[in-house]
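In our numbering, the protein residues as written are 389 to 600.
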């Protein structure tokens, strides 16, 4: 019954916003606490939810929206705890503390922060610091097939040019070339040669570098 009650309230909020607020306001025009909340919810809020939130005109309506937002995601609505909310805030705070290092952006906006917030802590982390490589980390996860994720997968992060923020590696747009420290006399479009050079340094990393 409680789930139906909250679903009904959620619908009322959506309909009310569409009826009584024709124009969205810009995020920058929101009071700071609501801008901060949108940062916190950036990776889990649905586009339609954000659209509605930006149409609300009073703090009371925004507070009701936020309260309902979390309750809709509570896995155990019959208890005082909201495990989803608590875990999400914990991940968000961790990302801001640890992944802002070496970056000009807040930790939650970095690639590592985004992945940590959405997927949680990796099952294992491997650091590839062999001679001839830029700093690289491999985060391994056990995927949830219900969310269309592989049973097991590894994401690579690397420091472009060997310094700064860790970037999520993409085998197509980045390629093995970006993982090599010494790029002299290497054609960045010749993936086979790049793969072989990477394989000579670390076979495991070489295979991960061409895996999507």
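Even glycine gets a Cβ: it sits at the ideal position worked out from N, Cα and C.
Could you name each continuous beta strand (DSSP E) segment of 3 residues or more that falls completely within the region 510-597, going from the start of the chain to the end? 512-516, 524-530, 540-547 and 554-556
Where residue 577 and residue 589 are concerned, what is the direct C-alpha to C-alpha distance, given to the nearest angstrom? 19 Å
Would you kindly work out how many angstroms separate the C-alpha atoms of residue 473 and residue 453, rounded to a whole number? 14 Å
Measure from the alpha carbon of residue 525 to the alpha carbon of each residue in 417, 535, 553 and 436, then state which is nearest. 553
Is it a yes or a no for the region 419-436 touching the region 495-512, going by three-plus beta-carbon pairs under 8 Å? yes
Return no unless some Cβ of chain C is closer than 8 Å to the Cβ of residue 455. No chain C appears in this structure, which consists of one protein chain only.
Local Cβ density within 10 Å of residue 542, reported as buried at 16 or more and exposed below that: buried
Going along the chain, which residues of its own chain have a beta-carbon closer than 8 Å to the beta-carbon of residue 531, five neighbours each way excluded? 537, 538, 539, 540 and 541
Given residue 458, which residues of its chain have a CB within under 8 Å of its CB, disregarding the five upstream and five downstream residues? 470, 472 and 473
Expected contact under 8 Å - CB spacing of residue 556 and residue 596 to nearest Å: Rounded, the Cβ-Cβ distance is 13 Å, inconsistent with contact.
Which class does residue 434 belong to by DSSP, given the choice of helix, strand or coil? coil
Burial state of residue 601, where buried means 16 or more other Cβ atoms lie within 10 Å: Residue 601 falls outside the range modelled here, since the chain spans only 389 to 600, and no answer is possible.
DSSP-derived helix/strand/coil call for residue 473: helix
Excluding the 5 residues preceding and the 5 following residue 484 in the sequence, name in chain order all residues of the same chain whose CB lies nearer than 8 Å to its CB. 494, 495, 496 and 501
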